[in-house]
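Q: Remember, the working numbering sits 702 above the position in the sequence shown when you count from 1. We put the CB at the ideal spot given by N, CA and C, even for glycine. These numbers come from a predicted model, not from an experiment. Here's a structure for you.
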Amino acid sequence: METKDKVLMINPEKCTGCRLCELVCAVKHDGASNPSRSRIRVMKWEMDGVYIPMACQQCQDAPCMGVCPAGAISRNDELNKIEVDYDKCIGCRSCVAVCPFGAMGFNSIDKKVFKCDLCDGEPQCVRFCEVQAVEYVDADDVAILKKKEAAKKLHATSHKIALKKA
């Protein structure tokens, strides 16, 4: 499957919180059912019944690229995605700290960061999501407004929950 001009589109209102996307992602990349190694994360507020899948948004001006002191993160323009060169990664986690979507992870065994690589054009999270909360669509079909809307929902939900706990 061609990855050029395709992106993951997250539909948080459809997510049931089953976390199957996390499981299949971890199995695909690491051969083990360890959701902490998943490149997609389901942010969950179980008391409120809110689940929001989060993955790398392949930002145009990706903060992770600018902060990496080793130059291990770059944009592959041909495939329209941000990539990590694991041979260059020094495991400093600067990219983890600046990612506005919390999409960068850290492998404490390999001492390297990891992120969604779109499964080389066949995202397993999309393939196995029965409710289509995660879709792989043409970038032209996804307005920037859709991404901003998801970020606003995440912010509003986390703020609402923080106020409840205060």
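Okay, do the segment 856-868 and the segment 735-750 touch, 3+ Cβ pairs below 8 Å being the bar?
A: Look at the beta carbons and you see the segment 856-868 touching the segment 735-750: at least three pairs across the two are nearer than 8 Å.
Q: Could you give the residue range of the alpha helix (DSSP H) that holds F830?
A: Within the sequence shown, residue 830 is the residue found at index 128, counting from 1. Per DSSP, F830 belongs to the alpha helix (DSSP H) from Q826 to F830.
Q: Based on the DSSP output, what are the partners of F816 in its beta bridges?
A: What you label residue 816 is simply residue 114 of the sequence shown in a count that begins at 1. G807, per the DSSP bridge assignment.
Q: Once you ignore the five residues that flank T718 on each side, which residues in its own chain have a CB closer than 8 Å to its CB?
A: Taking the first residue of the sequence shown as position 1, residue 718 is located at position 16. Taken in chain order, the residues that qualify are Y753, V833 and A835.
Q: Can you give me the Cβ contacts of V726 inside the same chain, cut-off strictly under 8 Å, excluding the 5 residues immediately before and after it?
A: Position 24 of the sequence shown holds residue 726. Result list for V726: Q826, C827, R829 and F830, in chain order.
Q: Could you have a look at V798 and say whether DSSP puts it in helix, strand or coil?
A: Numbered from its first residue, the sequence shown carries residue 798 at position 96. It is helical.
Q: With DSSP as the reference, please indicate the residues paired to L710 in a beta bridge.
A: Residue numbering aside, residue 710 sits at position 8 when the sequence shown is read from its first letter. The partner list for L710 (beta bridge, DSSP) reads Y838.
Q: Please report the Cβ distance between A772 and K790, rounded to the nearest whole angstrom; I am assuming they are in contact, meaning their Cβ atoms lie under 8 Å.
A: Looking up residue 772 in the sequence shown gives position 70. Looking up residue 790 in the sequence shown gives position 88. That belief holds up - the Cβ atoms of A772 and K790 are roughly 5 Å apart, short of 8 Å.
Q: Does the CB of C723 have a neighbour CB from chain C at under 8 Å?
A: Absent from the structure: chain C. Only one protein chain is present.
Q: Please name the residue or residues paired with N778 in a DSSP beta bridge.
A: In the sequence shown, counting from the first residue as 1, residue 778 sits at position 76. Beta-bridge pairing links N778 to K783.
Q: Since P755 is in the beta strand (DSSP E), which residue starts that stretch and which ends it?
A: The residue labelled residue 755 in the question sits at position 53 within the sequence shown. Where P755 is concerned, the enclosing beta strand (DSSP E) stretches over V752 to M756.
Q: Would A728 and P714 be called neighbours here (beta carbons separated by less than 8 Å)?
A: Start at 1 with the first residue of the sequence shown, and residue 728 comes out as number 26. Start at 1 with the first residue of the sequence shown, and residue 714 comes out as number 12. Cβ distance not < 8 Å, so A728 and P714 don't count as in contact.
Q: If we count the other Cβ atoms within 10 Å of its Cβ and call it buried at 16 or more, is L710 buried or exposed?
A: Numbered from its first residue, the sequence shown carries residue 710 at position 8. With 16 or more Cβ atoms within 10 Å of its Cβ, L710 is classed as buried.
Q: Determine, using beta carbons only, whether G804 and M756 come nearer to each other than 8 Å.
A: For the purposes of this step, residue 804 is identified with residue 102 of the sequence shown, where counting begins at 1. For the purposes of this step, residue 756 is identified with residue 54 of the sequence shown, where counting begins at 1. A contact, by the Cβ cut-off of 8 Å.
Q: Anyone know if the C-beta pair for V786 and K813 falls short of 8 Å?
A: Taking the sequence shown and counting its residues from 1, the one referred to as residue 786 is at position 84. Taking the sequence shown and counting its residues from 1, the one referred to as residue 813 is at position 111. Cβ atoms of V786 and K813: not closer than 8 Å.
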